[in-house]
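Residue numbering for the sequence shown follows the working numbering, starting at 9 and increasing by one per position.
By construction, the Cβ of each residue, glycine as well, lies at the ideal position given by its N, Cα and C atoms.
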Amino acid sequence: MRNIADLLSRLRELHQRTQETPLFNPVFQLGLDLSRELESGAMDLDTIETIVAELECESMKSRATRLRRLVAPVAPPSNYDALGKTLKSNDFDAFRASWEVPQLHAVFTAHPTFLLSPAQSEAVATAASRDGNIDNDVCVTGAERPQITLDFEHDRAMRAIANAQDARDIIVTQLLEHAAKTWPAEWQGFAPLPFRFASWVGYDMDGRTDIKWFHSIGFRLSEKAERLERYAASLAAIDAEHGLLETLRPAAAYAAARAADFSADLSAPEALSAAANRLTEDDPHKLLSLVPLIEALEAEARGSEHSRAIKLKTLASAMRADGLGMGWIHFRVNSSQLHNAIRRQIDPDNTLDLSSKGAMVVLRELLAEVKPLRSNFAALAIESSTAIRQFLAMAQILAHVDQDAPIRMLIAECEQPSTILAALYFAKLFGIDDHVDVSPLFETESALEHGGRFLDALLEEDIYREYARTRGRVAIQTGFSDAGRFVGQLPASLAIERLQGRLSQAMEKNGLTDVAALIFNTHGESMGRGAHPDSFADRLNWPLSPWAKRRFARADIRLEPEVSFQGGDGYLFFSTPELALATLTRIAELRPAETDPEAPTDPFYRRTDLSLDFYRAVRSHQREHLESSTYSRAVTAFGLGLLNSTGSRVSRRQSDLLADRDMSLRQIRAIPHNAILQQLGYPVNVISGVGSAADGAYEDIAQLIQESERGKQLIRLVRSSNALASIKTVAAYGELFNSAYWASRPYRGTESHLTGACETLAEYLTKDDRTGVFRRFASRLRVDALKLHRLLALLPDENPLDERETIRRAIGAAQSLRLALLQHMFLKAVSIPAFSRANDISRDDVLEMVFSLRIDDALAQLRRAYPTHFPSIDDFAVNEPSDYPDASQDGYASIGRDYIDPIERAYGLCLRISTAIANAFGAHG
Numbered sequence: 009m010r011n012i013a014d015l016l017s018r019l020r021e022l023h024q025r026t027q028e029t030p031l032f033n034p035v036f037q038l039g040l041d042l043s044r045e046l047e048s049g050a051m052d053l054d055t056i057e058t059i060v061a062e063l064e065c066e067s068m069k070s071r072a073t074r075l076r077r078l079v080a081p082v083a084p085p086s087n088y089d090a091l092g093k094t095l096k097s098n099d100f101d102a103f104r105a106s107w108e109v110p111q112l113h114a115v116f117t118a119h120p121t122f123l124l125s126p127a128q129s130e131a132v133a134t135a136a137s138r139d140g141n142i143d144n145d146v147c148v149t150g151a152e153r154p155q156i157t158l159d160f161e162h163d164r165a166m167r168a169i170a171n172a173q174d175a176r177d178i179i180v181t182q183l184l185e186h187a188a189k190t191w192p193a194e195w196q197g198f199a200p201l202p203f204r205f206a207s208w209v210g211y212d213m214d215g216r217t218d219i220k221w222f223h224s225i226g227f228r229l230s231e232k233a234e235r236l237e238r239y240a241a242s243l244a245a246i247d248a249e250h251g252l253l254e255t256l257r258p259a260a261a262y263a264a265a266r267a268a269d270f271s272a273d274l275s276a277p278e279a280l281s282a283a284a285n286r287l288t289e290d291d292p293h294k295l296l297s298l299v300p301l302i303e304a305l306e307a308e309a310r311g312s313e314h315s316r317a318i319k320l321k322t323l324a325s326a327m328r329a330d331g332l333g334m335g336w337i338h339f340r341v342n343s344s345q346l347h348n349a350i351r352r353q354i355d356p357d358n359t360l361d362l363s364s365k366g367a368m369v370v371l372r373e374l375l376a377e378v379k380p381l382r383s384n385f386a387a388l389a390i391e392s393s394t395a396i397r398q399f400l401a402m403a404q405i406l407a408h409v410d411q412d413a414p415i416r417m418l419i420a421e422c423e424q425p426s427t428i429l430a431a432l433y434f435a436k437l438f439g440i441d442d443h444v445d446v447s448p449l450f451e452t453e454s455a456l457e458h459g460g461r462f463l464d465a466l467l468e469e470d471i472y473r474e475y476a477r478t479r480g481r482v483a484i485q486t487g488f489s490d491a492g493r494f495v496g497q498l499p500a501s502l503a504i505e506r507l508q509g510r511l512s513q514a515m516e517k518n519g520l521t522d523v524a525a526l527i528f529n530t531h532g533e534s535m536g537r538g539a540h541p542d543s544f545a546d547r548l549n550w551p552l553s554p555w556a557k558r559r560f561a562r563a564d565i566r567l568e569p570e571v572s573f574q575g576g577d578g579y580l581f582f583s584t585p586e587l588a589l590a591t592l593t594r595i596a597e598l599r600p601a602e603t604d605p606e607a608p609t610d611p612f613y614r615r616t617d618l619s620l621d622f623y624r625a626v627r628s629h630q631r632e633h634l635e636s637s638t639y640s641r642a643v644t645a646f647g648l649g650l651l652n653s654t655g656s657r658v659s660r661r662q663s664d665l666l667a668d669r670d671m672s673l674r675q676i677r678a679i680p681h682n683a684i685l686q687q688l689g690y691p692v693n694v695i696s697g698v699g700s701a702a703d704g705a706y707e708d709i710a711q712l713i714q715e716s717e718r719g720k721q722l723i724r725l726v727r728s729s730n731a732l733a734s735i736k737t738v739a740a741y742g743e744l745f746n747s748a749y750w751a752s753r754p755y756r757g758t759e760s761h762l763t764g765a766c767e768t769l770a771e772y773l774t775k776d777d778r779t780g781v782f783r784r785f786a787s788r789l790r791v792d793a794l795k796l797h798r799l800l801a802l803l804p805d806e807n808p809l810d811e812r813e814t815i816r817r818a819i820g821a822a823q824s825l826r827l828a829l830l831q832h833m834f835l836k837a838v839s840i841p842a843f844s845r846a847n848d849i850s851r852d853d854v855l856e857m858v859f860s861l862r863i864d865d866a867l868a869q870l871r872r873a874y875p876t877h878f879p880s881i882d883d884f885a886v887n888e889p890s891d892y893p894d895a896s897q898d899g900y901a902s903i904g905r906d907y908i909d910p911i912e913r914a915y916g917l918c919l920r921i922s923t924a925i926a927n928a929f930g931a932h933g
């Protein structure tokens with residue numbers, strides 16, 4: 009077998025044999041076929057690398073095709089026409105109301121989804137940006153992966169936002185042209201603001217110790233400098249001699265110089281003092297507000313000819329949207345960090361339960377009496393509390409960088425109203441409560457379950473309602489990653505939907521219909537983390553359903569929807585000007601901030617006798633998996649060894665070798681958890697439980713789904729995920745640890761040269777539990793899958809894609825090839841000569857590292873045990889001759905060449921296969 013076609017042909021043959029015996033595993037058998045060729049010498053790693061490159065190529069084509077399908081059409085003229093068809097209003101006031109508030113806030117986050125190298129991302133984006141066939145130009149394979157640092161992530165985020173800004177300018181220009189043509193006497197009063205952009209890259213402290221406060225200040229200043237330069241370039245394109253350039257250009261240079269100050273190491277008091285004094289002292293170019301510039305541009309537009317007026321108003325619109333930065337910024341902390349900070353004020357002895365009514369009483373009194381305090385960079389530098397540092401940093405940004413743009417304070421794992429009051433106290437303490445939107449995150453099972461009561465209690469607080477009216481909004485954040493991990497993606501979406509409905513109720517009940525509801529739905533880029541893959545309409549409606557939007561519309565509450573585009577995978581939507589324009593045009597067409605309040609009730613919400621039981625059954629099934637030691641052991645069987653490094657944030661907490669065997673799912677973050685499920689071949693948290701939930705009521709559930717748009721959407725997600733799933737693949741990974749398999753492999757004498765290695769493996773693996781774990785896991789999945797197939801057979805496939813089966817087979821071939829590579833690594837590892845125990849690391853420890861794919865650790869130990877670089881006799885200028893050592897002695901070079909290096913190369917190929925599989929799923933994790 010020399011190419012993918014050979015692998016697919018053989019896989020088709022092997023699939024036929026499942027008719028003979030249902031236990032036959034074609035994926036594992038193809039892996040064995042390939043392993044035999046590799047170990048016999050009929051195939052080498054060079055040949056496998058060629059096949060891997062072909063797999064990568066096909067996966068890149070699939071990725072580009074999928075991206076283009078979601079946002080098509082991509083040609084700018086087509087998108088101009090598409091937006092034009094939506095501009096049908098004859099009422100100027102209604103037109104203004106539709107476009108002067110954002111249809112969507114888009115947040116560019118630093119989630120670790122930087123799966124593709126920059127060259128690969130560019131190739132996929134370029135291919136997706138063109139009409140016509142996607143050919144081999146997209147095939148950037150084996151590309152070098154840069155080290156993913158916070159600076160790298162920030163740079164990629166700013167590139168994506170810059171393209172988004174340019175695309176928004178094009179849309180704003182079209183809106184202004186339409187208004188000028190339709191309402192020539194009134195259009196100058198139109199101030200479009202269709203989209204707003206934000207980022208938390210460099211400001212998210214939740215789970216991070218590597219981001220220092222001065223990094224955040226430095227990033228904010230660099231963003232200010234970049235945006236001012238872009239404003240100046242836009243204005244110069246209108247008029248190269250415009251007077252405001254004398255304001256913008258020096259201000260950009262000043263901000264860039266201050267950004268350079270804060271990019272240095274400021275841990276020494278002298279260095280910080282110098283940087284702080286330069287930023288805080290008065291300077292004619294220290295621009296803190298764009299309001300005068302916006303007013304000047306608008307005034308000039310009123311006296312300008314048509315074309316110039318539209319360009320000036322487009323620039324004013326950009327300034328109004330972004331302020332003195334590339335967009336708004338989001339700081340993020342964990343609730344525990346806030347609790348630690350507030351205890352210093354109200355409970356130094358740690359005796360008060362912060363969830364108690366007594367704590368709320370104390371906090372009310374504290375808020376009523378708080379007086380704003382002045383602060384400076386020295387106070388920020390010496391502050392030990394992470395949470396308080398965040399508020400001090402925000403105060404300095406508002407005082408010395410941009411005094412207009414509000415800042416979001418996101419609070420992770422927020423389950424108590426007292427946490428919000430604590431955040432509000434610190435905002436008031438530092439005098440920034442009128443510019444900071446405090447936003448709780450609802451993501452854990454407990455938070456979703458009790459979130460309604462949380463919102464009721466919070467909005468009943470007089471001090472909070474006063475604050476919300478000052479800010480003009482109630483802001484919350486919902487999360488689909490951990491929610492999808494711990495309760496399943498379908499139950500998570502439905503629970504979040506219910507929470508959104510409870511927010512509308514609480515706002516109406518407490519008289520807050522005069523402020524907006526800003527709902528930040530933080531979903532990922534994969535199905536397992538809340539990104540519906542079937543269409544952009546599904547992507548937008550999955551986290552904020554028409555039902556939820558109607559609840560706000562009927563209460564006459566203005567909705568501000570906000571979504572995330574996460575990391576490298578999310579930035580692809582904005583990685584070229586064409587894709588950015590297509591993405592924003594699709595959003596503008598779909599108008600996610602609006603809905604028809606008079607639309608009839610979806611049967612899914614009316615027939616709660618069926619839908620509520622269905623939801624509870626899926627959730628119960630998912631909980632059984634989560635609480636099962638079988639599931640936990642299967643998911644963690646290879647640790648994180650099947651995954652590439654995709655971000656600057658660590659993917660798991662540190663543990664020692666012995667702890668790996670009992671690794672908890674809570675040690676693995678949501679993105680790698682989902683990524684492992686992709687790599688094992690079955691997205692459990694999307695698919696599992698749906699079939700079992702329908703058991704005994706297939707026809708009733710099927711009828712409900714067919715009559716319900718929400719039900720159809722749920723099934724579209726399940727079907728899309730199931731189309732890529734393979735229980736046979738899950739089972740195949742368990743057979744790698746089957747002692748009987750290794751003992752029997754050379755039994756007939758066909759691979760006698762492997763007898764010793766196979767015997768060692770067989771003996772070592774007699775005590776390994778993973779074969780049994782994977783068999784039990786696969787059996788549970790099969791029972792549920794049978795029921796799922798029974799349900800799907802009653803439902804039409806609304807979105808059949810011709811390439812689905814091709815992609816599924818290609819994934820199977822890729823999995824088989826990786827199984828062969830893993831067997832090669834196992835065989836090489838046990839064939840290395842035994843070495844003495846050193847530094848508490850034994851040969852068995854190294855083998856366990858290999859079996860759990862801690863390959864970098866294993867290679868480091870092996871190279872320490874078998875070094876290849878020694879002092880040479882030629883290093884010494886001695887006169888007396890020596891016959892020893894002779895030239896034939898090469899130390900351990902042969903061990904490195906024959907065993908250690910092949911393990912390293914095979915593992916590198918495994919990771920390239922991981923990229924190809926993730927591309928087939930459409931995203932990492």
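Distances from the alpha-carbon of Ala701 to those of Pro499, Gly757, Met833 put Pro499 closest. Between Leu466 and Ala420 a beta carbon distance of about 17 Å is seen, past the 8 Å cut, so the two are scored as non-contacting.
If you ignore the 5 residues before and after Asp777, its C-beta comes within less than 6 Å of no other C-beta in its own chain.
Taken in chain order, the whole alpha helix (DSSP H) runs of length 4 or more contained in the stretch 411–487 are 425–437, 453–467, 470–479.
Take the alpha-carbon of Ile723 and the one of Ile713: they are about 8 Å apart. Taking a C-beta distance under 9 Å as the contact criterion, Val482 and His113 do not qualify as a contact pair.
Here the C-alpha atom of Ala324 lies approximately 6 Å from the C-alpha atom of Leu305. Around the C-beta of Tyr472, 16 or more other C-beta atoms lie within 10 Å, and the residue is accordingly described as buried. If you check the CB distance, Trp221 and Ile337 do not come in under 9 Å. Here the alpha carbon of Arg18 sits roughly 52 Å from the alpha carbon of Leu418. Annotation for Glu568: the continuous beta strand (DSSP E) segment containing it runs 567–574. Straight across, the Cα-Cα distance linking Lys365 with Ala866 is about 54 Å. Rounded to the nearest angstrom, the Cβ distance from Thr768 to Val838 is 4 Å, consistent with a contact under 8 Å. By the neighbour-count criterion, in which 16 or more other beta carbons inside 10 Å mark a residue as buried, Thr255 falls on the buried side.
Rounded to the nearest angstrom, the Cβ distance from Pro875 to Tyr900 is 6 Å, consistent with a contact under 8 Å. Beta-carbon to beta-carbon, Leu280 and Leu274 are separated by about 4 Å, close enough to satisfy the 8 Å threshold. Under DSSP, Leu112 takes part in a beta bridge, and its partners are Phe203. By the C-beta density criterion, Tyr755 is exposed, having fewer than 16 other C-beta atoms within 10 angstroms. Contact between Gly532 and Gln574 holds, since their C-beta atoms are separated by about 5 Å, short of 8 Å.
A straight-line Cα-Cα distance of about 28 Å links Ala307 and Asp442. Looking at the DSSP output, Trp336 shares a beta bridge with Ala206. Judged by DSSP in its simplified three-state form, Thr29 adopts coil rather than helix or strand. Here the alpha carbons of Ala13 and Asp906 stand approximately 30 Å from one another.
In the structure shown, Leu526 falls within a strand segment according to DSSP collapsed to helix, strand and coil. Leu375 and Lys436 do touch by the CB rule: their CB atoms are close to 7 Å apart, below 8 Å. Note that the C-beta distance between Ser224 and Ala267 is not below 9 Å.
Contiguous beta strand (DSSP E) elements confined to the stretch 671–733 do not occur, taking only those with 3 or more residues. Met515 and Ala403 have their alpha carbons spaced roughly 29 Å apart. Per the Cβ contact rule, the stretch 602–612 is not in contact with the stretch 162–178 (fewer than 3 Cβ pairs under 8 Å).
Per DSSP, the unbroken alpha helix (DSSP H) holding Glu66 starts and ends at 53–79.
DSSP, read as helix, strand or coil, puts Asp291 in coil. In this structure, the straight-line span from the alpha carbon of Glu717 to that of Arg77 is close to 21 Å. Under the three-state reduction of DSSP output, Thr876 falls in the coil class, being neither helix nor strand. In this structure, the beta-carbon distance from Phe116 to Phe582 falls below 9 Å. A check of alpha carbon separations from Glu289 across Ala61, Ala260, Ala407 identifies Ala407 as the nearest.
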